[in-house]
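Scroll down for the structure; my scribbles are underneath it.
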Amino acid sequence: MNTNPDIVRWDSFVYNDWGNALSPYWQARGVAFLWGSSFSLTRWNTPAWIGYLPISVEPVPSNSCVKAYPKLLLRMCKDSGPDCNMLYAHKCVGAWNYIRNQIQQETRAALELWAHLNNRKLPVFNRSEMVVFDRCERNTMIHHYEFGPVGFSALQCIPKIVKTVYRVYAKDRTNFYCDAIRTAHANYLRQTRPDISVIHFPGDILEDFAKLVYAPYVLVMYAGSSFALWSTLANVGHVWIPPVYGGMTPDVGSLCFMVSFQAFGIVTNLEQSELFDNSPLVLIQSIS
1 MNTNPDIVRW DSFVYNDWGN ALSPYWQARG VAFLWGSSFS LTRWNTPAWI
51 GYLPISVEPV PSNSCVKAYP KLLLRMCKDS GPDCNMLYAH KCVGAWNYIR
101 NQIQQETRAA LELWAHLNNR KLPVFNRSEM VVFDRCERNT MIHHYEFGPV
151 GFSALQCIPK IVKTVYRVYA KDRTNFYCDA IRTAHANYLR QTRPDISVIH
201 FPGDILEDFA KLVYAPYVLV MYAGSSFALW STLANVGHVW IPPVYGGMTP
251 DVGSLCFMVS FQAFGIVTNL EQSELFDNSP LVLIQSIS
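Numbering (my numbering), first residue to last: 1 to 288.
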């Protein structure tokens with residue numbers, strides 16, 4: 001990334017892993033916002049929907065009519081997180097978390113344009129439906145040190161209005177153990193919420209990403225995924241997601257709940273009323 005007071009330039013590199021591809025992009029966009037500069041990307045080298053995200057952006061005006069935020073930019077440079085690097089910039093705090101409006105608007109616009117041009121339908125939900133997403137698969141259970149499932153009681157976050165829960169996961173990479181955990185989740189819900197129907201609803205990568213963007217309610221049942229982070233940050237409904245890397249819980253605006261869960265344990269003593277107060281966005285914060 002090259003920066004000067006007038007423009008932030010970013011040279012893209014795209015993986016099959018959309019989460020890691022989006023991380024440096026949104027971090028660079030956040031830096032441009034804090035700097036009060038325009039943003040320029042050489043090009044997107046992908047036929048996927050990501051290729052329809054903006055490659056050139058003029059300085060974004062802030063709600064406070066301030067062009068730049070030098071103090072926030074300086075804080076980002078001095079303390080951007082213990083594992084911050086631009087390759088995995090979702091581990092950085094101090095830039096991308098200030099541009100959630102842009103992430104929401106531009107992700108949805110890019111998805112919708114790509115779907116229109118490619119004759120694909122994006123998912124449509126009603127207010128009584130919810131997506132529960134997990135990353136349990138053969139490549140994460142043992143081999144991914146950042147993979148961290150949360151306790152079954154995280155399912156207590158499901159609002160009373162919800163009557164249908166769609167389980168979304170990587171169907172081509174699941175295994176016996178992950179399927180057993182999902183079955184146990186369903187049994188837990190039958191005992192605690194017998195009014196809910198649980199439907200397994202995995203799809204391809206585009207379908208699953210879009211479900212996390214457009215569902216009115218989303219619960220992410222594990223920690224450690226940039227795929228879930230960027231898709232749910234584009235969601236305008238209610239999202240419950242574990243902390244970002246290192247337990248960081250940056251303020252990313254309204255309607256995203258980072259609620260405190262203990263891995264493989266029980267939900268903290270947040271009452272249901274506290275989860276639906278006047279602060280619609282709360283990060284899930286890990287506890288010891």
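Every residue, glycine too, gets a C-beta built ideally from N, C-alpha and C.
Give every residue of the same chain whose Cβ lies closer than 7 Å to the Cβ of residue i, excluding the five residues on either side of it in the sequence, and list them in chain order.
i	result
E106	L53 and P54
D195	K163
I161	R127 and S128
K171	P202
R108	V213 and A234
Q27	M86, A89, C92, A95 and W96
Using a Cβ-Cβ cutoff of less than 6 Å, which residues in the same chain neighbour residue i once the five nearest sequence positions on both sides are dropped?
i	result
M149	This sequence places Pro at residue 149; Met is not what is there. These residues qualify, in order along the chain: Y222.
S56	S40
K211	P123, V131 and V168
D134	Y169, M221 and Y222
Y214	P123
F125	A215 and P216
G30	A95, W96, Y98 and I99
L113	Y52
A115	L122
R120	none
L74	none
F209	S231
F264	Note that F264 scores a pLDDT of 34, beneath 50, so its modelled location is shaky; the value from the coordinates is reported in the next line. Closer than 6 Å at Cβ, skipping near neighbours: G151.
Y25	none
A48	none
Tell me which residue opens and which closes the beta strand (DSSP E) that residue i is part of.
i	result
G164	The identity of residue 164 in the sequence shown is Thr, whereas the question assumes Gly. That run of the beta strand (DSSP E) goes T164 to V168.
Are residue i and residue j closer than 9 Å when you measure CB to CB?
i	j	result
W18	W240	no
I199	T164	yes
H238	Y217	yes
G158	L189	Note that residue 158 is Ile in the sequence shown here, rather than Gly. Yes, they are a contact pair.
Y166	E129	yes
Q156	T183	no
S153	W96	no
I50	L233	no
S226	N101	no
F201	I99	no
Name, in chain order, the residues that DSSP records as bridge partners for residue i.
i	result
V150	DSSP lists no partner for V150.
L219	V132 and W240
H200	R167
V57	F39
Taking 8 Å as the cut-off, is the C-beta of residue i nearer than that to any heavy atom in the ligand ADP?
i	result
L229	This structure simply doesn't include the ligand ADP, nor any ligand for that matter.
Taking residue i as part of the alpha helix (DSSP H), name the residues at either end of that continuous run.
i	result
V31	W18 to W35
I99	Element bounds for I99: n/a, residue is neither H nor E.
H90	Note, H90: premise wrong, no alpha helix (DSSP H); not H, not E.
F227	S226 to L233
N187	F176 to T192
K211	I205 to Y214
Excluding the 5 residues flanking residue i on each side, which residues of the same chain have their C-beta closer than 8 Å to its C-beta?
i	result
N235	Q104, L212, V213, Y214, A215, V218, L255 and C256
S197	K163, T164 and V165
Determine contact between the stretch 88 to 100 and the stretch 171 to 187, defined as no fewer than three beta-carbon pairs at a distance below 8 Å. no
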